[in-house]
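Per full-length UniProt numbering, the sequence shown starts with residue 1, numbered consecutively. Have a look at the structure below before the remarks.
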Amino acid sequence: MESIFHEKVISNALKVWGLELILFNSPEYQRLRIDPINERSFICNYKEHWFTVRKLGKQWFNLNSLLTGPELISDTYLALFLAQLQQEGYSIFVVKGDLPDCEADQLLQMIRVQQMHRPKLIGEELAQLKEQRVQKTDLEQAVEINDGSGVLDEDEEDLQRALALSRQQIDMEDEEADLRRAIQLSMQGSSRNTSQDIPQTSSTQLTSEELRKRREAYFEKQQQQQQDPPGQLSHPCETPTTSPEALGSDLGGMSEEDMLQAAVTMSLETVRNNFITEEKK
């Protein structure tokens, strides 16, 4: 009853402007078979809510006050939009007559509007804003937690690095200590081996000149024995021998080690003398 009353009120108000309301789904209007895009305006009603779908310029707009702004409706979508409203229980009225001049209508006669985003319901936008605030709060809390944990992680990393450096230093000190002990043991072992490997030589060290004279005497003696007839000896009391012991006694009681050391010494002196001679030249 209230909607009928409101309809009569609106109808009487429009008559002042020379306008008339016709029910869109009435048999009288349907017999006319007028394409909705050829109309100028529609008034939609559901219970106590009223809004207008109007053509401004060459485009249709949904002027529902429950939206955050005007909604652009294409010509191809207009009939589907009106049918959807009817299914939702809306009563639709066609406004017949010449509408008063409107500044928006004059402006949109010259330009066309492009709408990138469909306006949302006011309640939907409020709910979305509330959800965004909640998400923002949760994000800020997460950032704060992450910042705190980041500081803790950095402190923990510094501690781990310090412990690792300390362990490396201890390992290096242990390795240095082991190396020093190994060197000491090696030096001790080499000193013992050296003392054991050094041959026990005679306390009497012969010079190169003495060694040369004794060798000459030995060779002269050998030549003299070869010149004597067999069976006759220059010294009957002496018997020739070629054993090492005899040769050692002929060389003044020198052992083989003494002879080797003396030969090495003489060789080194010869090399040194040659080197000095070369430098003088």
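Where is the CB? At the ideal position from N, CA and C, for every residue including glycine.
Query	Result
Boundaries (first-last residue) of the alpha helix (DSSP H) holding Glu103	103-108
Three-state secondary structure assigned by DSSP to Ser195	Caution applies to Ser195, whose pLDDT of 49 falls short of 50 and renders its modelled position unreliable; the model cannot decide the point.
Residues near Arg40 by beta carbon distance below 6 Å, same chain, minus five either side	Lys55, Leu99
The region 13-26 contacting the region 50-67, beta-carbon criterion three pairs below 8 Å	no
Three-state secondary structure assigned by DSSP to Phe24	coil
Uninterrupted alpha helix (DSSP H) stretches inside the UniProt domain "Josephin" (1-110) (no shorter than 4 residues)	2-15, 27-32, 75-87, 103-108
Counterpart residues of Leu121 in DSSP-defined beta bridges	Leu67
Exposed unless 16 or more other CB atoms sit within 10 angstroms - verdict on Ile170	exposed
Contact between the region 69-84 and the region 130-138 (3+ Cβ pairs under 8 Å)	no
Cβ separation of Tyr90 and Cys44, assumed to be a contact under 8 Å, to the nearest whole Å	5 Å
CA-to-CA distance, Gln128 to Phe42, given in whole angstroms	30 Å
Coil, strand or helix - Met116 by DSSP	coil
Burial state of Phe93, where buried means 16 or more other Cβ atoms lie within 10 Å	buried
Val95 versus Met110: straight-line alpha-carbon distance, rounded	24 Å
Per-residue burial, Asp258 [other beta carbons within 10 Å of its own, 16 or more giving buried]	buried
Where Ala217 falls, given that 16 or more other Cβ within 10 Å makes a residue buried	exposed
Exposed unless 16 or more other CB atoms sit within 10 angstroms - verdict on Ala104	exposed
Assigned exposure category for Val53 - 16 Cβ within 10 Å defines buried	buried
Where Ala13 falls, given that 16 or more other Cβ within 10 Å makes a residue buried	exposed
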